[in-house]
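Chains as they are written, first to last, in our numbering: chain A, 1 to 200; chain B, 1001 to 1200. Data first, discussion second: the structure below is written as structure tokens.
Okay, structure coming up:
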């Protein structure tokens, strides 16, 4: 009955958006995860249409030219993008689509599809953010410093978002996002046609 | 930490806004109920500043002239109004203020204070609404017909509101309003200064 919508869960590196989204999807079977298109090769166990839509570079560039992405980026020589068609079809069916994405990507989505709901995930403090970036342990000091600097810079884009969720404890952050979903479903713009059914 | 806000709970006669608000306030000690000013005489047990601010007609009219009301109305010869000062002081302190009010009043609040959050409470169907109006048993057939006609007319103002809550079962409606409150507390505009505390 209620219209679907796109929920963009975003935040700087170290905000924990990956973990939070994983828990949300585990707990909420009805949510749909947005599937990205990419030009990189499938890894072992990755399925086309499930983990990614795997496309070659020529097709990807054609999709870009045809304005078929909500956002896209080139990461270390591979292209990644969010196909508009998949997301809009799900929303049309009344589904709630979750898109986990970095701040730069979220800002692109805000341009191309401002009707989406934007959640900014934040670490409880900048020192905690630094700890989290460090704990990954896979990066050089230079990379860590760069990620931290970028995270700091990205905070200033918070005003482009609708909601702030502090990710101190993951279960609490997950509950808050579920609360946001619950309230967004009650928005007049998504329930407008309920009036007609009441009048019947 | 989070800024307070005004939550307007409104709906046509028979939507059950009185019952729903009573339950919300019983379950949520921290919410503040907006206290109206009125020119009618106190009834037994009513306390000034608790149930109403009791004022004489001259003072009330002076308050109207000084633009001290979020909304006001004349009901059967008595004036009722929502004093701006009380509401804004509570919000300044970070409180969430609940205002239960009819549709005409809510539309006035929307004019004078559009930052408020507006919830439209609805009966599950128009026939149920008619039943509820009848069940009061205190009104003539003419009054019932008029209330029903007004309720029907008021539905068209739903687009002025932010959220729709169908009041089928009271506990469910109460939970939905609590969800709305939970999500509204996470709005960027109310948490903006949290960014500063994270940066510290």
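Glycine included, each C-beta is placed from N, C-alpha and C at the ideal position. A quick note: this is a predicted structure, and the numbers were derived from the prediction, not measured.
(1) Kindly say whether residue 7 of chain A, judged by its beta-carbon, lies nearer than 8 Å to any beta-carbon of chain B.
(2) As a quick exercise: from A:13, A:45, A:8, pick the residue whose alpha carbon is nearest that of residue 149 of chain A.
(3) Any chance the region 1032-1046 of chain B sits against the region 1152-1163 of chain B, with 3 or more Cβ pairs inside 8 Å?
(4) In the DSSP assignment, find the unbroken alpha helix (DSSP H) run with residue 1112 of chain B in it and report its ends.
(5) In chain A, which residues lie with their C-beta within 8 Å of the C-beta of residue 1183 of chain B?
(6) Between residue 102 of chain A and chain B, is the shortest Cβ-Cβ distance under 8 Å, so that the two count as touching?
(7) Below 8 Å CB to CB, which residues in the same chain sit around residue 1134 of chain B once its five sequence neighbours on both sides are set aside?
(8) Can the beta-carbon of residue 1009 of chain B be found less than 8 Å from the beta-carbon of residue 1098 of chain B?
(9) Just how far apart, CA to CA, sit residue 1069 of chain B and residue 1085 of chain B?
(10) Is it true that the CB of residue 1054 of chain B sits closer than 8 Å to the CB of residue 1035 of chain B?
(11) Is the separation between the beta-carbon of residue 1039 of chain B and that of residue 1056 of chain B shorter than 8 Å?
(12) Please decide whether residue 1198 of chain B counts as near chain A, where near means a Cβ-Cβ distance under 8 Å.
(13) What do you get for residue 20 of chain A, buried or exposed, if any count of 16 or more other CB atoms within 10 angstroms of its CB means buried?
(14) With a cut-off of 8 Å, do at least 3 Cβ pairs link the region 1096-1111 of chain B to the region 1189-1200 of chain B?
(15) Quick one: grab the DSSP three-state call for residue 1159 of chain B.
(16) Can you list, in chain order, the residues of its chain with a C-beta nearer than 8 Å to that of residue 1041 of chain B? Leave out the 5 residues immediately preceding and following it.
Let's see:
(1) The residue given as residue 7 of chain A occupies position 7 in the first chain. It does not; no Cβ of chain B falls within 8 Å.
(2) To locate residue 149 of chain A, count along the first chain from 1; it is residue 149. Nearest in C-alpha terms to residue 149 of chain A, of all of A:13, A:45, A:8, is A:13.
(3) no
(4) Position 112 of the second chain, counted from the start, is the residue given in the question as residue 1112 of chain B. Residues 1103-1112.
(5) Position 183 of the second chain holds residue 1183 of chain B. Here the neighbours are 163, 179, 180, 182, 183, 184.
(6) Counting from 1 along the first chain, the entry for residue 102 of chain A is found at position 102. False, the Cβ-Cβ gap to chain B never drops below 8 Å.
(7) Along the second chain, one-based indexing puts residue 1134 of chain B at 134. Excluding positions up to five away in sequence, the list reads 1144.
(8) Walking along the second chain from the start, residue 1009 of chain B turns up at place 9. Walking along the second chain from the start, residue 1098 of chain B turns up at place 98. Contact: yes.
(9) By 1-based counting over the second chain, the position of residue 1069 of chain B is 69. By 1-based counting over the second chain, the position of residue 1085 of chain B is 85. Each residue's alpha carbon lies about 8 Å from the other.
(10) To locate residue 1035 of chain B, count along the second chain from 1; it is residue 35. To locate residue 1054 of chain B, count along the second chain from 1; it is residue 54. Taking 8 Å as the Cβ cut-off, residue 1035 of chain B and residue 1054 of chain B do not qualify as a contacting pair.
(11) The count along the second chain starts at 1 and reaches residue 1039 of chain B at position 39. The count along the second chain starts at 1 and reaches residue 1056 of chain B at position 56. Yes, they are a contact pair.
(12) Looking up residue 1198 of chain B in the second chain gives position 198. By this cut-off, residue 1198 of chain B is an interface position.
(13) Sequence index remark: in the first chain, residue 20 of chain A carries index 20 (1-based). When all chains shown are included, residue 20 of chain A counts as buried.
(14) These segments do not touch.
(15) Here residue 1159 of chain B refers to the residue found at position 159 of the second chain. Three-state result, residue 1159 of chain B: helix.
(16) Counting from one through the second chain, the residue named residue 1041 of chain B turns up at place 41. So the qualifying residues of the chain are 1054.
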